[in-house]
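Chemist:
In the working numbering, the protein residues as written are 16 to 153.
Here it is in structure tokens:
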């Protein structure tokens with residue numbers, strides 16, 4: 016939502032609003048905070064209400080509770096980006112739609128040992144992948 020501050024975003028959004036943008040993914044933080052800062056939900060709410068095209072929320076969706084928190088602030092929101100969340104939990108999309116988490120038995124747990132990658136490791140490897148979830152309110 017900005018380089019040094021999310022307060023920069025209203026001016027940036029004015030530019031996007033001049034063009035026929037089909038959809039705008041709004042990463043609810045500034046570049047300096049990157050993935051370590053807390054997403055600016057009030058800033059996103061303001062941007063969402065001012066955006067002339069459909070907007071997608073991007074920022075720390077790791078559980079159905081995270082999605083519910085964002086949707087309570089923006090009830091008309093129908094799409095979020097869940098890149099890092101789904102990498103951490105492959106069942107996240109199912110959970111956001113009301114389904115259950117993934118459960119492994121002991122043999123499967125052992126077979127997955129050593130394959131987990133932290134957020135920092137993914138970033139240093141250049142592992143950037145994003146998925147979106149579009150659906151009914153949780």
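Note that CB positions come from ideal geometry on N, CA and C, so glycine has one too.
Rounding to the nearest angstrom, what Cα-Cα distance links residue 38 and residue 29 in this structure?
Modeler: 15 angstroms
Chemist: DSSP state of residue 27, grouped into three classes?
Modeler: helix
Chemist: Measuring CA to CA, which of 59, 66 and 51 is closest to residue 87?
Modeler: Comparing Cα positions, the closest option is 59.
Chemist: Between 32, 52 and 36, which lies nearest to residue 20 when the distance is taken from Cα to Cα?
Modeler: Nearest in C-alpha terms to residue 20, of all of 32, 52 and 36, is 52.
Chemist: Just the Cα atoms here: how many angstroms apart are residue 34 and residue 68?
Modeler: Between residue 34 and residue 68, the C-alpha separation is close to 9 angstroms.
Chemist: Residue 83 bridges to which residues according to DSSP?
Modeler: DSSP output for residue 83 lists no bridge partner at all.
Chemist: Going by other Cβ atoms of all chains shown within 10 Å of its Cβ, with 16 needed for buried, is residue 32 buried or exposed?
Modeler: Exposed: under 16 other Cβ atoms inside 10 Å.
Chemist: By the 10 Å Cβ neighbour count, where 16 or more other Cβ atoms means buried, how is residue 43 classified, buried or exposed?
Modeler: Residue 43 counts as buried, since at least 16 other C-beta atoms from the protein chains shown sit within 10 angstroms of its C-beta.
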